[in-house]
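Novice:
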Amino acid sequence: MRTNFLGLLLLCFILACNSNTEKKETATAPAAEKSAVDLPYKASYAADWTQDVSDADLKMVLQSYKDWENNNIPGLRSAFGDSLEVDMADGTHVKGKSDAIVKTFVTYRDSLTSSKINMGSWAKLYSPEKKEGYVVTWYDQYDTFKSGKVDSATYHDINQVKNGKITWYAQYKRPKK
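In terms of my numbering, the sequence shown is residues 148 to 324.
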């Protein structure tokens, strides 16, 4: 009787282990079904994104904002690759050597007595299909010019990161006034 009881207990244990496996498969099934939604558009660039961007890359991007705020231009420059592509909020598009592009940033930053950034949020995005990583940011920025004028706006930026450096930067701006 004791042998039968142990055998029955072992059988129940094996069945219980198998039922957990079935539950795990069931738990992932809705996610697969969810992606089968008939959407009104097909993404022309990429539709599947993960957060597979390193925390070191996230820190580097956020530090570049802090460097701008603190007027640390050498620190800001260290965040960029040798070449940089920039799309500014005013429609300006520049592509070239980072050193030359940073010189234009310096001209603007030198016109300010201070720049304050209140970082609202950020997200890490990675496209497995394109093998490209991005850090996107949302923040408010308050620039005080040497003339005393204050400019404030809400920004949304896209920072493309390759090999630990920012290689493309796009900025979108909504004035607060």
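Note that beta-carbon positions come from the ideal geometry of N, C-alpha and C, so glycine has one too.
It should be emphasised that the depicted structure is a prediction, and the values quoted were computed from it without experimental measurement.
What is the DSSP secondary structure of G243, counted as helix, strand or coil?
Specialist: Numbered from its first residue, the sequence shown carries residue 243 at position 96. If DSSP states are grouped into helix, strand and coil, G243 belongs with the strands.
Novice: Y192 to E232, Cα distance in whole Å?
Specialist: As a position in the sequence shown, residue 192 is number 45, starting the count at 1. As a position in the sequence shown, residue 232 is number 85, starting the count at 1. Distance between Y192 and E232, taken at the CA atoms: about 18 Å.
Novice: Can you grab the Cα-Cα spacing for the pair A412 / V283, in whole Å?
Specialist: Since the first residue of the chain shown is 148 and the last is 324, residue 412 is not available in this structure.
Novice: Tell me which residues share the same chain as D290 and place their Cβ nearer than 6 Å to its Cβ, disregarding the 5 neighbours each side in the sequence.
Specialist: As a position in the sequence shown, residue 290 is number 143, starting the count at 1. So the list reads L259, S262, D298, once near-sequence residues are dropped.
Novice: With burial defined as no fewer than 16 other Cβ atoms inside 10 Å of the residue's Cβ, what is the status of V273: buried or exposed?
Specialist: Within the sequence shown, residue 273 is the residue found at index 126, counting from 1. Before going on, a small fix: residue 273 reads as Tyr here, not Val. Buried, because 16 or more other Cβ atoms sit within 10 Å of the Cβ of Y273.
Novice: Classify G311: buried if its beta carbon has 16 or more other beta carbons within 10 angstroms, exposed otherwise.
Specialist: In the sequence shown, counting from the first residue as 1, residue 311 sits at position 164. Of the other Cβ atoms in all chains shown, fewer than 16 fall within 10 Å of the Cβ of G311; this residue is therefore exposed.
Novice: Secondary structure at P187, three-state DSSP: helix, strand or coil?
Specialist: Here residue 187 is taken as the residue at index 40 of the sequence shown, counted from 1. The answer is coil: DSSP assigns P187 none of H, G, I, E or B.
Novice: Quick one, are the C-beta atoms of G267 and Y281 less than 8 Å apart?
Specialist: Counted from its first residue, the sequence shown places residue 267 at position 120. Counted from its first residue, the sequence shown places residue 281 at position 134. No, the pair does not count as a contact, with Cβ atoms beyond the cut-off.
Novice: Between the alpha carbons of A300 and K320, how many angstroms are there, rounded?
Specialist: On the sequence shown, residue 300 is found 153 positions in, with the first residue counted as 1. On the sequence shown, residue 320 is found 173 positions in, with the first residue counted as 1. Each residue's CA atom was taken as its position, placing A300 and K320 some 6 Å apart.
Novice: Should the segment 233-246 be called in touch with the segment 188-208, which here means at least 3 C-beta pairs below 8 Å?
Specialist: Short answer: they don't touch.
Novice: N165 by DSSP, collapsed to three states: which one?
Specialist: For the purposes of this step, residue 165 is taken as the residue at position 18 of the sequence shown. A caution first: N165 carries a pLDDT of 49, below 50, which makes its placement in the model unreliable, though a value can still be read off. Note: N165 maps to helix in three-state DSSP.
Novice: Would you grab the beta carbon distance between I220 and V241 for me? Rounded to a whole angstrom, and I think it's under 8 Å.
Specialist: As a working note, residue 220 is residue 73 in the sequence shown. As a working note, residue 241 is residue 94 in the sequence shown. Contact doesn't hold; Cβ gap of about 17 Å is too wide.
Novice: Throw me the rounded Cβ distance for the I313 and S211 pair, which I believe falls under 8 Å.
Specialist: Numbered from 1 along the sequence shown, position 166 holds the residue referred to as residue 313. Numbered from 1 along the sequence shown, position 64 holds the residue referred to as residue 211. The distance from the Cβ of I313 to that of S211 is about 7 Å, consistent with a contact at the 8 Å cut-off.
Novice: So, at 7 Å on beta carbons, what are the nonlocal neighbours of K277 in its own chain, with the 5 sequence-adjacent residues on each side left out?
Specialist: Along the sequence shown, read from residue 1 onward, the residue named residue 277 stands at position 130. Only A193 meet the Cβ criterion.
Novice: Using a 10 Å radius around the Cβ and a threshold of 16 neighbouring Cβ atoms, would you call F227 buried or exposed?
Specialist: Numbered from 1 along the sequence shown, position 80 holds the residue referred to as residue 227. Looking at its Cβ environment, which holds 16 or more other Cβ atoms inside 10 Å, F227 is buried.
Novice: Note down the Cα distance separating A209 from W269, rounded to an integer number of angstroms.
Specialist: Within the sequence shown, residue 209 is the residue found at index 62, counting from 1. Within the sequence shown, residue 269 is the residue found at index 122, counting from 1. Note that residue 209 corresponds to Leu in the displayed sequence, not to Ala. Looking at the two C-alpha atoms, the distance is approximately 9 Å.
Novice: Among residues of its own chain, excluding the 5 on either side of D185, which ones have a beta-carbon nearer than 6 Å to its beta-carbon?
Specialist: What you label residue 185 is simply residue 38 of the sequence shown in a count that begins at 1. Taken in chain order, the list of residues that qualify is empty.
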